[in-house]
Amino acid sequence: MSFIDSFKLNFIKDNRWKYLVDGLGVTLRVTLFAVLIGIAIGFLIAVIRSTYDKTGKLKFFNFLANIYVTVIRGTPVLVQLLIIYFVIFGSVRIDKVLVAVLAFGINSGAYVSEIVRSGIMSIDPGQMEAGRSLGFNYVQTMWYVILPQAFKNVLPALGNEFIVLLKETSVAGYIALEDLTKGGDIIRSQTYDPFMPLITVALVYLAMVMFLSFLLKKLERRLRNSER
Amino acid sequence: MSDNQIKEENKTLISVNNLSKHFEDLHALNGVTIDINKGDVVFVIGPSGSGKSTFLRCLNRLEEPTGGTILFEGVDITNKKTDINMHRQKMGMVFQQFNLFPHMTVLKNLTIGPMKLQGKSKKEAEEEAMKLLERVGLADRANAYPSQLSGGQKQRIAIVRALCMKPDVMLFDEPTSALDPEMVGEVLEVMRELAKENMTMVVVTHEIAFAKEIANRVIFMADGKIEEEGDAKEFFENPKSERLKAFLAKVL
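Keeping their order, the protein sequence lines are chains A and B.
Counting from 1, position 82 in the first sequence corresponds to residue 82 in our numbering; the numbering is continuous, with no gaps.
Counting from 1, position 30 in the second sequence corresponds to residue 30 in our numbering; the numbering is continuous, with no gaps.
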């Protein structure tokens, strides 16, 4: 079979390209919202844990946060996805995209929290003192002074986490969510021609990651410029 | 209450009573008692480890005292129920390491407090900040970032940042100790101006000559206690305690 025939069979015939385009849409949606949830959870947990580390306050929340990080990092994301879909939401009808967003968001939050915590701990204690001495309370100082600096310091590590997350969503097919990977796999199962759809899927991921890296590099440079 | 007493009370800005701070088994402060009056320029000197920085940092509770009380403008700020954040707005602090916010421009450093804490508009806060910047000769650096400034410039900005909150007292924690020698002068000049304007100042420093020049009161601390305290002229000309005599002999 020639390249052109293969292309026609896998993408043109029966409008099979739609599996990829729709799948790409699902992958992007899941990744985007999971990233947002991951950032929200991650920053919250990081603030709780570093506050406990530095001041000894929030003991109970720190305890919960520790359990969360331990459990989430200690089990595979695929198992977490399956548990959320088949156990936690097993008896209710629920949008699979939502399940995937929750699973990957909650999973990412644990990793983001450790990244952000390292960023918070790296900021000179004098910054907190300066903020407090002006009259800002602890939370205000965190928000205006500490977190912006911590965020900048950990941006490369955060970017890495989001690249991992984007690719990790490819296991969403296990709950029959038709994401990009699943879309390619459906085409393969219909055409019995694995090369064209799977390589295409791989290239689309590669392109997305390269674009994401490009954006992150730009953001990094912009944030760093503000200091030079 | 007689008129005299009322006058006395109005004059006292900070009243420290039996203040102590114990770290684990180190007694950094051991019962410090002193009144600081409005317009006072109090210099705190003493050997390192004498507790002078701890004393200063206890005044706005950056360091939590373990005993004693501090009345600031008549309010017991060591009481856990007191909203310390409100009172800190009235106590400017300048640090040895400047502690400017590196991710903000100079102007943002100066305006974030007045805008977020005192509800000032951006325009109002910036106008006031620019006025103060002009007075310390740094108006042209308003849009620079702290990393683009010299040490002396950073410390002058840090002083202005505290002043923008319109404090009733300024606390200086070794403001020139981290500076290259040629930059000490410009920072002292700003402090000299402040003293002239009757700003109440508490200064922890090693600059004894400067203390002699602008202080009206000096505290000598040793082993977490006030060893000797008095009017600046008397203090340097007629030191009484042996430890102070020995200390002055070494540093002068």
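Beta carbons are placed, not taken as given, at the ideal position from N, Cα and C, and that holds for glycine.
Q) By a C-beta neighbour count over all protein chains shown, 10 Å radius and 16 as the cutoff for buried, is Arg-222(A) buried or exposed? A) In the assembly as shown, Arg-222(A) is an exposed residue. Its beta-carbon has fewer than 16 other beta-carbons within 10 Å.
Q: Spell out a yes or no on whether the stretch 64-83 of chain A and the stretch 7-16 of chain A are touching, meaning 3 or more CB-CB pairs, one atom from each, closer than 8 Å.
A: The stretch 64-83 of chain A makes no contact with the stretch 7-16 of chain A: fewer than 3 CB pairs, one atom from each, lie closer than 8 Å.
Q. Bridge partners of His-27(B), per DSSP?
A. Under DSSP, His-27(B) takes part in a beta bridge, and its partners are His-22(B).
Q) Which residues in chain B sit within 8 Å of Phe-136(A), going by Cβ to Cβ distance? A) Here the neighbours are Asn-85, Gly-113, Lys-116, Leu-117.
Q: Return the residue from the list Val-112(A), Asp-179(A), Thr-181(A), Phe-86(A) that minimises the CA-CA distance to Val-154(A).
A: Val-112(A)
Q: Take Lys-217(A) as the anchor and find which of Lys-152(A), Trp-143(A), Val-92(A) has the nearest alpha-carbon.
A: Closest option to Lys-217(A), Cα to Cα, is Lys-152(A).
Q | Rounded separation between Asn-238(B) and Met-170(B) - CA only | A | 28 Å
**Q.** Residue closest to Ala-130(A), alpha-carbon to alpha-carbon, out of Glu-128(B), Gly-92(B), Pro-114(B), Glu-124(B)
**A.** Closest option to Ala-130(A), Cα to Cα, is Gly-92(B).
(Q) Is there a Cβ of chain B sitting closer than 8 Å to that of Glu-129(A), yes or no? (A) yes
Q | Endpoints, the alpha helix (DSSP H) within which Thr-191(A) is located | A | 180-191
Q: Note down the Cα distance separating Leu-163(B) from Gln-148(B), rounded to an integer number of angstroms.
A: 22 Å
Q: Alpha carbon to alpha carbon, how far is Arg-224(A) from Phe-101(B)? Give it in angstroms, no decimals.
A: 14 Å
Q: Determine the contact status of Ala-28(B) and Lys-21(B), defining contact as a CB-CB distance below 8 Å.
A: yes
Q. Among Phe-43(A), Pro-156(A), Tyr-174(A), which has the Cα closest to the Cα of Ile-83(A)?
A. Tyr-174(A)
Q. Quick one: Cα of Ala-103(A) to Cα of Val-204(B), how far?
A. 55 Å
**Q.** Nearest to Ser-2(A) (by Cα), restricted to the options Leu-212(A), Val-209(A), Met-196(A), Val-201(A)
**A.** Met-196(A)
Q: Following the continuous beta strand (DSSP E) through Val-136(B), name the residue where it begins and the one where it ends.
A: No beta strand (DSSP E) holds Val-136(B); DSSP gives it neither H nor E.
Q. To which residues of the same chain is Val-209(A) closer than 6 Å at the C-beta, ignoring the five residues directly before and after it?
A. Taken in chain order, the residues that qualify are Ile-163.
Q) What separation, rounded to the nearest whole angstrom, lies between the Cα atoms of Ser-189(A) and Ala-176(A)? A) 14 Å
**Q.** Beta-carbon proximity of Ser-108(A) to Ala-207(A), cut-off 8 Å
**A.** In this structure, Ala-207(A) does not lie closer than 8 Å to Ser-108(A) by Cβ.
Q. What does a CB cutoff of less than 7 Å around Asp-22(A) pick up in its chain, not counting 5 residues either side in sequence?
A. Glu-178, Gly-183
Q.
Can you confirm whether Met-1(B), when its beta carbon is compared against all beta carbons of chain A, has any partner nearer than 8 Å?
A. At Met-1(B) the pLDDT is 43, less than 50, meaning the model places this residue with poor confidence; the figure from the coordinates comes in the next sentence. Answer no: the Cβ-Cβ gap between Met-1(B) and chain A never drops below 8 Å.
Q: Please report how far the alpha carbon of Gly-68(B) lies from the alpha carbon of Thr-78(B), in whole angstroms.
A: 8 Å
Q: Would you kindly check if the distance between the Cβ of Ser-213(A) and the Cβ of Arg-117(A) is under 8 Å?
A: no
**Q.** Spatial distance of Gly-185(B) from Phe-98(B) (CA atoms)
**A.** In this model, Gly-185(B) and Phe-98(B) are separated by some 16 Å (Cα to Cα).
Q) Exposed or buried, Thr-70(A), counting other C-beta atoms within 10 Å across all chains shown (16 or more means buried)? A) exposed
(Q) Under DSSP, the beta strand (DSSP E) around Gly-254(B) begins and ends at which residues? (A) In the structure displayed, chain B extends from 1 to 252; residue 254(B) sits before or after that span and is not available.
Q: Would you decide whether Ser-133(A) is buried or exposed? Buried here means 16 or more other CB atoms lie within 10 Å of its CB.
A: buried
**Q.** N- and C-terminal bounds of the beta strand (DSSP E) containing Ile-81(B)
**A.** In the sequence under discussion, the amino acid at residue 81(B) is Lys, which differs from the Ile named in the question. Lys-81(B) -> no beta strand (DSSP E), and no H or E assigned at all.
Q: Kindly indicate the opening and closing residues of the alpha helix (DSSP H) around Val-42(B).
A: No alpha helix (DSSP H) contains Val-42(B), which is instead part of the beta strand (DSSP E) from 41-45.
Q: Find the residues of chain A that neighbour Gln-97(B), judging by a C-beta separation of less than 7 Å, and give them in chain order.
A: By Cβ distance, chain A contributes Gly-126.
Q) Under the DSSP definition of a beta bridge, which residues are partnered with Asp-231(B)? A) Its beta-bridge partners are Arg-217(B).
**Q.** Partners in chain A for Gln-62(B), counting only beta-carbon separations shorter than 8 Å
**A.** First, the residue type needs correcting, since residue 62(B) is Leu and not Gln in the sequence shown. The answer, in chain order, is Glu-129, Arg-132, Ser-133.
Q: Quick one: which unbroken beta strand (DSSP E) runs of 3-plus residues sit fully inside the stretch 7-89 of chain A? Chain order, please.
A: none
(Q) So, for Thr-66(B): in the same chain, excluding its five sequence neighbours on each side, which residues have a beta-carbon less than 7 Å away from its beta-carbon? (A) Ser-20, Lys-21, His-22
Q) Does DSSP classify Phe-172(B) as helix, strand or coil? A) strand
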